[in-house]
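For the protein sequence lines, the chains are X and F, in the order given. Just so you know, the first sequence maps onto residues 1 to 417 in the numbering used here. Just so you know, the second sequence maps onto residues 1001 to 1301 in the numbering used here. The beta-carbon is built from N, C-alpha and C at its ideal position, and this holds for glycine as well. Nothing here was measured: the structure is a model prediction, and the numbers come from that model.
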Amino acid sequence: MKKWMLMTTAIAATGLMAMSSARAEELNLWVRTSSAGVLEKLVDLYNASHDDKVVVTPITAEQMVPKLGTSIAAGAAPDGAVLDLIYLPTFAATDSLEDMTDFIKGLPYADALSPSHIRSATYEGKVYGVPALPDASIIAYNKDLFTAAGLDPEKAPASLAEIAEDAKKITALGNDTYGLFFVASSGSWLVYDFTPHIWAAGADVLSEDGRTATIDTPAMRATLAAYNDMWTSGSIHPTSRSGVGNDAVAAFASGKVGILMTGSYIVNLLTSQYPDVNFGVAPIPGPEGGASSFAGGDTLALMKGISPEKKAVAESFIDFYMQPEQQILITAESGMPPRTDLADEAYADFDPRNLIAYDILASARTPYTFASDELFVARTGPWVNLLQTAIFDGDIDGAISAAQEGFTKIPERTNPK
Amino acid sequence: MTVSIEQPAIRQEPHQWLGAAFIVPSLIMIGLFFFVPLIMTVWMSLHDWPLLGQSSFIGLDNFIEIAGDRQLWNSVGFTMLYTVPVTLALFAVAFPLAILIDRPLRAAGFFRTIFFMPVVIGFGAASTLWMWLLNPDSGVFAQLLKSLHLVTAAPRPIESFWPALGVIILMVVWKSAGFTMVILLTGLQSVPAEVIEAAKIDGANARSRFRNITLPLMRNSLLLALVLNVTSSMLAFDQFFVITWGGPQNSTITAVFQIYLASFSSYRLGYGSALSLVLLVVLVAISSIQLTFLKVRPEES
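Structure representation (structure tokens):
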């Protein structure tokens, strides 16, 4: 009896050992809810052709940072996360992420990865994330309204001064038509659509290392003045002021808005859902010319201390989705691939207007900051208050000095020592 | 306590451990979900405790910062500014409703249900509902006012301070007047009919019966409704978080909202804990002041 028991135990033990050595690794990634659709498709394709498994868990965008933060503190973090690129410096500076520098440098297409995603994932010379799902802010304009207002529909406004001029002419058409719509009560939208004006003029709101405020610039004053001028002349859609993003596309698609401050995803969205809208897109211009764009979207990062086996799965998954076939899928699903060298392959079957945003991605920027939520995203933060006060109340001097103070005080506390 | 001779005397006091056993489950729950978090809050409030990275002990520095935190004291001021009109409005609506449905009619039960219905919705859900009702482009209110030709352009109340506060108060009255109404109704129904009857015989008219009999006798439910309303107004958060998001220009940030911002926008969990403790002390103080009034029985005054 005893012998028999020993034998079965031994058999069971060898069986277990054999199983564990052959057991497929499972990589658990947290992703933003809005990105879950395309990532689930990529993961399904990957899992079907590999022994290892990747599992995605959708997390509401606003919950990502607090949940990831508490899970790291509790020692229960996922293996990795696909998160908004703007948070990368914060996580990298607190030593929460795995260094991926060597892996990225070794990729044959390393030079073609969205530069702003790599820049935001870089802290003290090391790279902590790989671009996953990029997008770029652009303007969309209604060609029919341009024609009706006597403007050239094939010529997008090349400066903010031209935007203001065009907006006034379009508003003059009457019948509840407005020149411009921008989402003014959401920090994420304002940083996405407004900072490119400043960058296009060669200025910035923060120093390159994210530690010092540079709010008070001639470019900022000129941009705010142009917006305030459009607001006081009634050329901005009245819902802009309290808009949080959910009415913008509908307002533009209704044909009553001349120019919409938006993002690259708009091309596929309009062509699929509102095929009747005759629109063009262009990069975001500065007050007197130039062009820029905000590189938004997601970066894939791995949590510090991930096992070498799981890290290998992550690297294999990244290389998988970087292949042209999957890049086309990403383009179809979310509008833009993270590689900047695949224009012909990725966009062959899609609306050519996508290429305008794609071309700007290579030179698009993202603020490098350790306090993204507090400075930019929070509707109570200094960025939203700067634009709300300056544009709608007209107090540009007061708004700039309050924002300069906020942008100085908050980084003093959040800058890594 | 007197025991009549016919009845057998109580044989034995129940075991004390039995009583203790009965309260153990609730003690565990209170300990786990109230005292443990409270102690952790006190502990965290003595630290610089970021969401990411190392926390460090800083003694009372958080509390010293609170004393000079202009934003916080503004938000406390706003919370009080909100508490006064919302409490008055709730009573102004709930009292007449309570009197109206305090009748032995079948329809009274129907209306009681109607008035009480919004109470069972969560505050967050009700705020989201109103956020859409108030939407200037697709909201019901704007369409209704426009089709009745009361306004030419859709009103945009949340873009300026007083209208924003006004619609929030309107929403809170819609949401919680039914609850205050029920409390006041129990007060109305606890007034003995014979006292009213006697006053009638003495020739008191309806108004003086209400002022001199009904109101003093329902004092306890009035005070209970007051304590509950003031406490919930001091803790207001959802309606401002969802509908105004603290705007315009941070003018509608309540005390709890400030705690949320410190903890989940600035990610300063230690400072958020310290703010919570200060608010706890303030609330305990306000409640105990009100409860001392509550303790004064009508017959004593």
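Candidates the options, of which the one nearest residue i by Cα
| i | options | result |
| --- | --- | --- |
| L386/X | E315/X, A225/X and T232/X | A225/X |
| D351/X | A77/X, I266/X, V38/X and D397/X | I266/X |
| I1169/F | N1220/F, I1196/F and N1229/F | N1229/F |
| K143/X | K126/X, G179/X and P115/X | G179/X |
| N246/X | A219/X, T217/X, F182/X and V281/X | F182/X |
| Y347/X | D359/X, I328/X, E333/X and A357/X | I328/X |
| N228/X | S49/X, T177/X, L160/X and P324/X | L160/X |
| L85/X | I72/X, Y123/X, Y109/X and F103/X | Y123/X |
| I1183/F | T1041/F, I1028/F and F1116/F | F1116/F |
| L1226/F | A1125/F, F1035/F and T1087/F | T1087/F |
| G289/X | A219/X, A24/X and F103/X | A219/X |
| P287/X | V38/X, G174/X, E165/X and S254/X | E165/X |
| A74/X | V1093/F, S1075/F and G1053/F | G1053/F |
| P283/X | K126/X, Y192/X and S185/X | Y192/X |
Cβ of residue i within 8 Å of any chain X Cβ
| i | result |
| --- | --- |
| D1137/F | yes |
| R1106/F | no |
| Y1267/F | yes |
| I1039/F | no |
| F1063/F | no |
| N1229/F | no |
| L1018/F | no |
| L1051/F | yes |
| N1250/F | yes |
| F1264/F | yes |
| I1253/F | yes |
| W1245/F | yes |
| L1081/F | no |
| L1185/F | no |
Beta carbon proximity, residue i to chain F, threshold 8 Å
| i | result |
| --- | --- |
| N268/X | no |
| F91/X | yes |
| T217/X | no |
| G69/X | yes |
| Q273/X | no |
| N385/X | yes |
| I330/X | no |
| E374/X | yes |
| A378/X | yes |
| D247/X | yes |
| Q404/X | no |
| P308/X | no |
| T389/X | yes |
| P411/X | no |
Cβ neighbours of residue i in the same chain (closer than 6 Å, five flanking residues each side left out)
| i | result |
| --- | --- |
| P1037/F | none |
| V54/X | L27, V43, Y46 and F317 |
| V313/X | E25, L27 and D52 |
Cross-strand partners of residue i (DSSP beta bridge)
| i | result |
| --- | --- |
| T299/X | L83/X and P131/X |
| N28/X | V55/X |
| M1234/F | Answer is none; M1234/F lacks a bridge partner. |
| I1289/F | Paired residue(s): none; I1289/F is not in a bridge. |
| S292/X | I284/X |
| R211/X | Looking at the DSSP assignment, R211/X forms no beta bridge with any residue, so it has no partner. |
| S1056/F | D1048/F |
| F279/X | N142/X |
| R365/X | F294/X |
| R1268/F | P1050/F |
| I259/X | Y141/X and L180/X |
| I236/X | L180/X |
| R339/X | L113/X |
Chain-order list of residues whose beta-carbon lies under 7 Å from that of residue i (same chain, five-residue window excluded)
| i | result |
| --- | --- |
| A167/X | G179, L180, M230, S235, G258 and I259 |
| A112/X | R339, T340 and D341 |
| A371/X | I410, P411 and T414 |
| A1262/F | R1268, Y1271, G1272 and L1275 |
| P1192/F | none |
| G15/X | Legend: pLDDT at G15/X = 46, less than 50; position of this residue unreliable, value from coordinates given subsequently. For G15/X, where only same-chain residues beyond five positions count, there are no Cβ hits under 7 Å. |
Residue i: contacting residues in chain A (beta-carbon distance under 8 Å)
| i | result |
| --- | --- |
| R241/X | Of the protein chains in the structure, X and F, none is chain A. |
Same chain only: Cβ atoms within 8 Å of residue i, ignoring 5 sequence neighbours per side
| i | result |
| --- | --- |
| F194/X | F182, T223, M261 and L387 |
| T1002/F | Note that T1002/F scores a pLDDT of 48, beneath 50, so its modelled location is shaky and nothing firm can be said. |
| A61/X | R32, T33, S34 and D84 |
| I1286/F | V1230, T1231 and M1234 |
Distance cut-off 7 Å: residue i Cβ against heavy atoms of the ligand NAP
| i | result |
| --- | --- |
| S363/X | This structure lacks the ligand NAP; in fact it carries no ligand of any kind. |
> What residue ranges within the segment 53 to 130 of chain X form continuous beta strand (DSSP E) runs of no fewer than 3 residues, ordered along the chain?
Replying inline: 53 to 59 and 80 to 84
>> Restricting to runs no shorter than 3 residues, where is the beta strand (DSSP E) found entirely within the segment 126 to 205 of chain X?
In response: 130 to 142 and 178 to 181
> Considering only residues of the segment 1064 to 1133 of chain F, which uninterrupted alpha helix (DSSP H) runs meet the minimum length of 4 residues and lie entirely inside it, listed in chain order?
Replying inline: 1070 to 1101, 1106 to 1116 and 1123 to 1133
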